[in-house]
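Numbering (our numbering), first residue to last: 133 to 927. Heads up, the beta-carbon is just placed ideally off N, CA and C, and yes, glycines get one too.
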């Protein structure tokens, strides 16, 4: 007779060798599905299911744990459409993770998943409990990755804001309950310990002393097995994954102290440490709870409040107002936005005039005037008059959602200093355990009665909690502060690189100037009328988004339809009309070699097959805080350069007005990129600030590229960061914050290492009892967090 499957009792194929040890016996399985399910059930402490089940399990369709039954559904294509994006064979998703308690958990998850075949990248945010995952679906399935997370002790699910909020509430509640049990128990144990201490001086009777020991042990037991359970859980799954997480020395200290106290109580010999164990757990929980509260508060402040979007909108169909769920709105529809309502989609104003508050997206406190043709963005609030809008983007395609995604992706990545801290923490734990063993062996030779006590103190005082908090605490606070400044970081290296910038390069139009070019004069040269020339120019620029195009698109004039309209970066635009080629742009682009500009304003020529027909003059104003920005950069010893495609005379005039160090005009994007490369070759760390799309090549070439054109599609940017409002002067604060963040991270790492290095010798000499070591370890963690919070005051 062939063997039957341990899980479903179906026959096991002779060629399949799948076993799992349970209850000290090897168990066989008929398929990989039953093996994976059984392993997950046993690993998560649900193996009572096998002890008490009254009927045979069937195939994974009828598993008892509902979460495990749902894992296989994650591979269904129709389900993945809701939370997985795919490009070629690489899939990308965001999962919520339950069970993360500290920074070490994120390190454990990342380290283990990156060893899995097919996993391209893993980034865990220990604050928001989110996991950004990229994997090759040809090599592995999402269900396999989620099962692996289950085996590590973490529950994974497609991220949902509502479920995440419920999880935070559960975590807060569990924290408070465990903290309450530890606090009340500690006070009772300390009261009994006080009786023992006073009794030692008064010759307390042996039976009374033993009674107090038993009572102290009874009160300390729920503290150890309930209040301290998260430490045991983290240590167990870390060791199971062959990683030394920072809870390992914590658990060893608690276990040794408790077990030795129980043994001393039973045998009525030796020292009892129930009071030290209780105090240690209480102080450690206090530190973890305060850290959790501070970081969750910072995370909540930085998150875009998606729940503020309305769940329904007023749609205009056949001149009738119809209320529709937001999920059913499609591009092209018309919506009515009443005063006080939040705009739920992206679009343009069709009718009406009003003021719209865009502070949620840009940080700009003053409402902006909106009239026909102006853009409207999801997440903004209509403040004064009714508006009718045409929908251009909904759901995940809106600028609002793009900001949310990019901000979350940036928060998931760690800078090099953060990765260094993770590596140090891992090896630090191994070093701690080695030192503790060495101290114990030495004290056995010197004074065996003190050996255990002193080794325990060394173990407690050296726990690297502060080391693991050093980087995440600073980065979380810095991200919060940057969002207040209106700077959205898109790349993980940005903060660290920005702190070392020693050359700032700026584009002109739309960066240092307002970018709202206006047509100031039209000079007709050929046979066209003024109206005809404007109509052709507007027709050429109709589909463009750069500042010059917006100047023509704002004109109230009739447009003509041209064919094969092509934008030539840094030169102009061309198109065909009735078999003739029309060009609008710089004189040399239009084939005019002898044209002389007046140099006082931007001049564009309109030509047909090389023949000049009109000259358009446009002008722009310098931004109010541009001069203050340049002056502040000079005070920080950062030279400034103006690098533009505009004419050399206008570029030099603006640079002279702002007192910039150098100016280069008539530069195409490729020429700008060459300039950037030459500066970098000289050892310069270059900051480039410019238009998001038109300067995409240059922004990508610079060490740090910051885009200021918020009208551009954020998902197409090659920039490292985006300035989401028009206050360009905030870039100075961003640089100061970047420098301060790196300084704080180094301070925190230095403090954490210095504390451990200095405290270990003191404990090894017997000068630090375990209860004082617990207070010192908690205090060091709080110092790191409070020091990071000082970044909120950087201006």
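When DSSP builds the beta bridges, which residues end up paired with residue i?
i	result
residue 449	452
residue 81	Because residue 81 is not part of the residues shown, which for the chain are 133 to 927, the question remains open.
residue 700	704
residue 230	287
residue 521	467 and 481
residue 822	839
residue 739	715 and 744
residue 154	157
residue 620	854
Residue i: which of the options sits nearest, CA to CA?
i	options	result
residue 890	355, 807, 912 and 349	912
residue 476	484, 456 and 483	456
residue 818	877, 694 and 632	632
residue 716	699, 485 and 253	699
residue 208	274, 263, 219 and 156	274
residue 515	616, 500 and 286	500
residue 744	250, 713 and 342	713
residue 669	511, 658, 282 and 685	685
residue 592	161, 896 and 349	896
residue 751	167, 651 and 835	651
residue 219	228, 173, 230 and 268	268
residue 660	862, 420 and 746	746
residue 406	342, 446 and 658	342
residue 703	770, 785, 802 and 653	802
How many Å lie between residue i and residue j at the Cα?
i	j	result
residue 448	residue 691	28 angstroms
residue 271	residue 222	10 angstroms
residue 892	residue 399	32 angstroms
residue 138	residue 368	25 angstroms
residue 144	residue 170	15 angstroms
residue 882	residue 242	25 angstroms
residue 508	residue 452	22 angstroms
residue 671	residue 701	18 angstroms
residue 767	residue 388	58 angstroms
residue 466	residue 520	7 angstroms
residue 940	residue 821	Lying outside 133 to 927, the shown extent of the chain, residue 940 is not represented and no answer is given.
residue 793	residue 832	23 angstroms
residue 787	residue 754	11 angstroms
residue 635	residue 781	23 angstroms
residue 526	residue 461	7 angstroms
residue 677	residue 823	11 angstroms
residue 687	residue 739	20 angstroms
residue 735	residue 923	46 angstroms
residue 148	residue 161	8 angstroms
residue 582	residue 351	25 angstroms
residue 378	residue 372	14 angstroms
residue 370	residue 504	60 angstroms
residue 789	residue 471	42 angstroms
residue 675	residue 630	35 angstroms
Within its chain, find whatever has a CB closer than 6 angstroms to the CB of residue i; leave out the 5 residues flanking it on each side and keep chain order.
i	result
residue 543	At residue 543, the pLDDT of 48 sits below 50, so the modelled position is not reliable and the matter cannot be decided from this model.
residue 513	474 and 489
residue 224	217 and 266
residue 773	637 and 794
residue 189	Interpretation of residue 189 is limited by its pLDDT of 46, a score under 50 that renders its predicted location unreliable; no figure is taken from the coordinates.
residue 281	288
residue 126	Past the edges of the chain, shown from 133 to 927, lies residue 126, and the structure says nothing about it.
residue 413	314, 355, 359 and 360
residue 318	410, 411 and 414
residue 215	225 and 290
Given residue i, which residues of its chain have a CB within under 8 angstroms of its CB, disregarding the five upstream and five downstream residues?
i	result
residue 926	613, 865, 868, 869 and 872
residue 154	138, 170, 174, 179 and 182
residue 689	663, 666, 667 and 670
residue 860	643, 644, 755, 757, 758, 761, 821 and 840
Considering only residues of the same chain and omitting the five flanking positions on each side of residue i, which have a CB-CB separation below 7 angstroms?
i	result
residue 365	285
residue 695	707 and 708
residue 524	463, 478, 479 and 480
residue 589	895, 900, 901, 902 and 905
residue 394	349
residue 723	739 and 742
Please check if any C-beta of chain C sits within less than 8 angstroms of the C-beta of residue i.
i	result
residue 917	Absent from the structure: chain C. Only one protein chain is present.
Does the segment 346-362 come close enough to the segment 300-313 that 3 or more CB-CB pairs lie under 8 angstroms?
yes
Validate contact between the segment 313-322 and the segment 248-257 using beta carbons, cut 8 angstroms, 3 pairs:
no
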